[in-house]
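Working notes, structure below.
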Amino acid sequence: MILVDVHAHLDFPEFDKDLKQVLQRAKNAGMAAVISQGVHHASNKKTLELAAQHDIVQAALGLYPLNAPNVVVPEEENDDYDRSTVGVDETLKFIRQHAKEIVAIGEVGIDLQFSDDEKNQVNNFTKILQLSNAVKKPVIIHSRKAEKLVLDLLEDAKHKQAVLHCYGGGKKLIKRAVEMNLPLTVTSNAQRAQHFQMVAREVPLSQLLTETDAPLLGPVVGERNEPQNVQHAIDVIAKQKGLSAQEVARNVYMNYQRIFL
Ligand SMILES: [Zn+2]
Numbered sequence: 034m035i036l037v038d039v040h041a042h043l044d045f046p047e048f049d050k051d052l053k054q055v056l057q058r059a060k061n062a063g064m065a066a067v068i069s070q071g072v073h074h075a076s077n078k079k080t081l082e083l084a085a086q087h088d089i090v091q092a093a094l095g096l097y098p099l100n101a102p103n104v105v106v107p108e109e110e111n112d113d114y115d116r117s118t119v120g121v122d123e124t125l126k127f128i129r130q131h132a133k134e135i136v137a138i139g140e141v142g143i144d145l146q147f148s149d150d151e152k153n154q155v156n157n158f159t160k161i162l163q164l165s166n167a168v169k170k171p172v173i174i175h176s177r178k179a180e181k182l183v184l185d186l187l188e189d190a191k192h193k194q195a196v197l198h199c200y201g202g203g204k205k206l207i208k209r210a211v212e213m214n215l216p217l218t219v220t221s222n223a224q225r226a227q228h229f230q231m232v233a234r235e236v237p238l239s240q241l242l243t244e245t246d247a248p249l250l251g252p253v254v255g256e257r258n259e260p261q262n263v264q265h266a267i268d269v270i271a272k273q274k275g276l277s278a279q280e281v282a283r284n285v286y287m288n289y290q291r292i293f294l
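Under the numbering used here, residue 294 is the last one in the sequence shown; the count climbs by one each step, no gaps.
Okay, structure coming up:
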């Protein structure tokens, strides 16, 4: 079976010791590609190196909303985020310079759960959408507690090249996203997350992608996640749609090719 993981963080320290083995396991499971997401300037640089070193790793370069140096994050949350010292414009310039080496711009987006600085986040996101248009690479969007806002912003910008990662919106918003022709992901923790079972049911197969968000969102609470676990997302989609895992995997792979290659 052919598998793709469109959202992982292989540059995170959790993979420092054994990334080679992790990727070998992914290959053995049938993985054709893992899109590793940069979250700030240093993370972007490391992501490019990983993509150059490992054949199944594809690079997405981005700026996680809470890592942007101009976004106000409450002090109690500050320690959880690696606040970049490199400015937003410089980070975006680097992404533009390396556009030929990447398949997407991510992880980017808006997070109003851990920061209420909507103004700066929207400003940054708007610049990122312009960059995505200019270099013709899709954005991979994080939208925690900003599920409606990102749809509004995409609509206002008439922006079509976007993937909704780990989308938390309810049925109504999911329906709207589907009508906007946006792809949505099902995650590797979907067997224990009813929300993503609902996503698997509501979103047409032609708009579904699979991801792990590894090292996060694993099938087992508290255990490090890794790309081969994307198999669990395939199983959930297969169950919800009443299809074979093979058929789901084949369709998700076609979606991946259409969106990213
Ligand atoms: Zn992520």
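Think of the CB as a built atom: it goes at the ideal place given N, C-alpha and C, for glycine as much as any other residue. The structure displayed is predicted, hence computed values, not measured ones.
Buried versus exposed, by CB contacts within 10 Å (16 or more), residue i
i	result
Met64	buried
Pro216	buried
Ser277	exposed
Asp268	buried
Leu294	exposed
Asp144	buried
Met290	Just to set this straight, residue 290 is Gln in the shown sequence, not Met. So Gln290 ends up on the exposed side.
Gly120	exposed
Ser239	exposed
Gln264	buried
Asn157	buried
Asn61	exposed
Asp150	buried
Asn214	exposed
Residue-level contact to chain C via CB, residue i, 7 Å cutoff
i	result
Ala266	The question asks about chain C, but that chain is absent: this structure has only one protein chain.
Span separating the alpha-carbon of residue i from that of residue j
i	j	result
Gly71	Gln163	18 Å
Thr243	Pro102	30 Å
Ile174	Val105	20 Å
Phe48	Leu249	12 Å
Val168	Glu188	19 Å
Gln261	Ala59	5 Å
Ala137	Gly275	31 Å
Lys50	Gln194	35 Å
Ala92	Asn77	8 Å
Gln86	Leu52	11 Å
His228	Thr159	28 Å
Val232	Ala132	31 Å
Ala75	Ile270	35 Å
Asp38	Glu108	33 Å
Glu259	Val219	15 Å
Arg234	Ser148	31 Å
Ala223	Gln54	24 Å
Phe45	Ala179	25 Å
Asn284	Leu197	18 Å
Met34	Thr118	42 Å
Glu212	Lys191	13 Å
Glu256	Ala247	10 Å
Asp115	Ala41	17 Å
Asn166	Lys181	21 Å
Leu186	Leu241	21 Å
Gln130	Asp122	12 Å
Lys152	Asn100	15 Å
Ile161	His73	13 Å
Beta bridge counterpart(s) of residue i as assigned by DSSP
i	result
Glu244	Thr220
Met64	Leu36
Gly142	His175
Leu94	Ile138
Ser76	Looking at the DSSP assignment, Ser76 forms no beta bridge with any residue, so it has no partner.
Ala41	Ser69
Ile195	Looking at the sequence provided, one finds Ala at residue 195 rather than Ile. DSSP lists Val172 as partners of Ala195.
Rounded Cβ spacing between residue i and residue j (contact assumed at less than 8 Å)
i	j	result
Arg177	Gly201	6 Å
Gln279	Gln230	The pair is not a contact, with the Cβ atoms about 20 Å apart (cut-off 8 Å).
Ile128	Leu184	Rounded, the Cβ-Cβ distance is 23 Å, inconsistent with contact.
Val67	Leu96	Not really, about 20 Å apart at Cβ, beyond 8 Å.
Val141	Val90	Their Cβ separation, rounded to whole angstroms, is 19 Å, which puts Val141 and Val90 out of contact at 8 Å.
Leu81	Ala282	28 Å between Cβ atoms; not a contact.
Lys170	Ile135	6 Å
Val236	Ile207	7 Å
Ser69	Leu83	6 Å
Pro98	Gln154	5 Å
Exercise for review: Taking 5 Å as the limit, tell me which residues put their C-beta closer than that to any heavy atom of ligand 1, in chain order.
Suggested key: Glu140 and Asp246
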